[in-house]
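These notes are about the structure you will find just below.
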Amino acid sequence: MSDTLSPTGQKPAPVSVQPFQFRGLFLTAIALRLETDAPDDVFYAALDAQLAKTPHLLAGAPMVLDFAQVPEFSKPADVRDMIDNLFARDLQIFGAQNATEAQLSAVKGYGIIPIKVGRETAMPEPKPQKPQKPQPAAKRAAPPVPRNKVVQTPVRSGQMIVAEHGDLTVVGSVASGAELVAAGNIHVYGTLRGRAMAGAHGDESARIFCRQLDAELLAIAGLYKTSETIPAELRRKPVQVFLDDDKLCVEAFE
Numbered sequence: 001m002s003d004t005l006s007p008t009g010q011k012p013a014p015v016s017v018q019p020f021q022f023r024g025l026f027l028t029a030i031a032l033r034l035e036t037d038a039p040d041d042v043f044y045a046a047l048d049a050q051l052a053k054t055p056h057l058l059a060g061a062p063m064v065l066d067f068a069q070v071p072e073f074s075k076p077a078d079v080r081d082m083i084d085n086l087f088a089r090d091l092q093i094f095g096a097q098n099a100t101e102a103q104l105s106a107v108k109g110y111g112i113i114p115i116k117v118g119r120e121t122a123m124p125e126p127k128p129q130k131p132q133k134p135q136p137a138a139k140r141a142a143p144p145v146p147r148n149k150v151v152q153t154p155v156r157s158g159q160m161i162v163a164e165h166g167d168l169t170v171v172g173s174v175a176s177g178a179e180l181v182a183a184g185n186i187h188v189y190g191t192l193r194g195r196a197m198a199g200a201h202g203d204e205s206a207r208i209f210c211r212q213l214d215a216e217l218l219a220i221a222g223l224y225k226t227s228e229t230i231p232a233e234l235r236r237k238p239v240q241v242f243l244d245d246d247k248l249c250v251e252a253f254e
């Protein structure tokens, strides 16, 4: 580095490069919701059957344990035994949601972190205020930036397309091995292969529409169907996918 002095008679400060960056990450995870407070041989047999049926869906997928239905399941030895069994099946568990303090304490030694999943709620009605003197008209605000995403080329295998704040529209087909994720609806004006996950932030009113169905996975607000559970008569037909009373429905257009 040069020893040239600055006009003030001091050496200039060395130029430094920030050695890291904090970046936002949109992560698609699978939640394993526990429905029984004492996982037993029946629980693990059913789990093994599901893993055998959908190996590509769960292999290497980030997973969260959902304790919402089992607040009483908190004995450390029992919780840890269950986690050992899940890890033995190569499930990639990294978080716990809807967990009590006792449950979080039981999983802490495994590097499992608490996950908070929020839902959008209606804004409270404003309280009536006293009349105020009229104010000068404010300048008209700029129109909001569109939150939807449109992809006008086919989606190739291995691509992941995300519409984090709105609908996702693909004007073309989606290849096997590709992944679509949207906070709102998903529209595919071609053949839908690969995975499509709408309502990614928990919007249960979201829907998936496609001109020809051949998907590996369909999901809305965390509820999903895999290719093995999609009726054969709906394959290669135009369909819509929606939730009805916590049930994922696939319906052909007339």
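Going by the UniProt record's numbering, the sequence shown wraps up at 254, each residue one higher than the last. The beta carbon of each residue, even a glycine, is placed where N, CA and C say it ideally should be.
- [ ] Could you spell out where the beta strand (DSSP E) holding residue 248 opens and where it closes?
- [x] That run of the beta strand (DSSP E) goes 248–252.
Task: Endpoints, the alpha helix (DSSP H) within which residue 87 is located - done: Residue 87: member of the alpha helix (DSSP H) spanning 76–88, first to last residue.
Task: Counted within 10 angstroms of its Cβ, other Cβ atoms place residue 160 as buried (16 or more) or exposed - done: By the Cβ neighbour-count rule, residue 160 is exposed, with fewer than 16 other Cβ atoms within 10 Å of its own.
Open item on the list: Looking at the strands, I want to know which residues DSSP matches up with residue 62.
Closed with: According to DSSP, residue pairing for residue 62 in a beta bridge involves 92.
Task: Distance, residue 107 Cα to residue 77 Cα - done: Between residue 77 and residue 107, the C-alpha separation is close to 10 Å.
- [ ] State the beta-bridge partners of residue 261 as determined by DSSP.
- [x] Since the first and last residues shown for the chain are 1 and 254, residue 261 lies out of range.
- [ ] Can you give me the Cβ contacts of residue 96 inside the same chain, cut-off strictly under 7 Å, excluding the 5 residues immediately before and after it?
- [x] The beta carbon of residue 96 is closer than 7 Å to those of 64, 65, 67, 103, 104, 107, 112, 114, 115 in its chain, skipping five residues each way along the sequence.
Task: Paired residues, beta bridge with residue 225 - DSSP - done: Answer is 218, bridged to residue 225.
- [ ] Rank 99, 187, 89, 246 by C-alpha distance to the C-alpha of residue 45 and give the top, closest one.
- [x] Residue 89 holds the alpha-carbon nearest to the alpha-carbon of residue 45 among 99, 187, 89, 246.
- [ ] Return the CA-CA distance between residue 39 and residue 172, expressed in angstroms with no decimal places.
- [x] Taking the straight line from one Cα to the other gives about 45 Å.
Open item on the list: Could you compute how far the alpha carbon of residue 179 sits from the alpha carbon of residue 245?
Closed with: About 26 Å.
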